[in-house]
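In what follows, a structure is listed as structure tokens, so that the remarks can point back to it.
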Amino acid sequence: RDSQSQGSGATSLDAAISGSQRSSQARARDVYRHPKETLQFFDLGPTQAVLEIAPGGGWYSDILAPYLRNAGQLYEAQYLSTSADLA
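In the working numbering, the protein residues as written are 18 to 104.
Structure follows, in structure tokens:
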């Protein structure tokens, strides 16, 4: 997919990765986590519905939310803290 040509008003993947919604600490980890390459590997597109399982501190959420905002959907699923919660 061409993450740069998403139509009017859409946020490109590059813009979502470098956006001000991400902390400087999160952006500093990009060199190790390779967010653009990772998301392109999964063929992420701006109109997809994405389920992020156990988003933790939101490192990917901070990229995915603005990228998917206009035409896609982002869902987040958390694990229950203990098995007793299942009762």
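Glycine is no exception: its CB is placed at the ideal position from the N, C-alpha and C atoms.
Owing to the predicted nature of the structure, the values given are computational and were not obtained by experimental measurement.
Quick one, which of the options has its alpha-carbon nearest residue i's?
| i | options | result |
| --- | --- | --- |
| LEU85 | ASP47, SER37, LEU68, GLN42 | LEU68 |
| GLY73 | ALA66, ALA33, ALA94 | ALA94 |
| GLN65 | GLN42, ALA43, TYR92 | TYR92 |
| SER98 | ALA33, ALA71, PRO52, ASP31 | ALA71 |
| ALA88 | PHE58, GLY62, TYR77, VAL48 | GLY62 |
| LEU56 | GLY36, LEU30, TYR96 | LEU30 |
Can you tell me which residues form a DSSP beta bridge with residue i?
| i | result |
| --- | --- |
| ALA88 | Its beta-bridge partners do not exist; DSSP assigns none. |
| LEU56 | Looking at the DSSP assignment, LEU56 forms no beta bridge with any residue, so it has no partner. |
| LEU81 | In the DSSP output, where bridge partners are listed per residue, LEU81 has none listed. |
| ALA6 | Any property of residue 6 remains undetermined from this structure, which presents the chain solely from 18 to 104. |
| ALA66 | GLN90 |
Less than 8 Å between C-beta atoms, sequence neighbours within five positions excluded: which residues of the same chain meet that for residue i?
| i | result |
| --- | --- |
| TYR38 | A small correction: the amino acid at residue 38 is Gln; Tyr does not occupy that position in the sequence shown. Around GLN38: ASP79, ALA82, PRO83. |
What is the DSSP secondary structure of residue i, counted as helix, strand or coil?
| i | result |
| --- | --- |
| LEU97 | coil |
| ALA71 | coil |
Report all residues from its chain with a CB closer than 6 Å to the CB of residue i; omit the five preceding and five following residues, and keep chain order.
| i | result |
| --- | --- |
| ARG44 | none |
| ALA33 | ILE80, PRO83, TYR84 |
| PHE58 | none |
| PRO52 | ILE34, ILE80 |
In the DSSP assignment, find the alpha helix (DSSP H) that holds residue i and state where it starts and stops.
| i | result |
| --- | --- |
| LEU61 | It is not in any alpha helix (DSSP H) - LEU61 carries neither H nor E in the DSSP assignment. |
| ARG50 | 47–50 |
| SER29 | Run containing SER29: none; DSSP gives neither H nor E here. |
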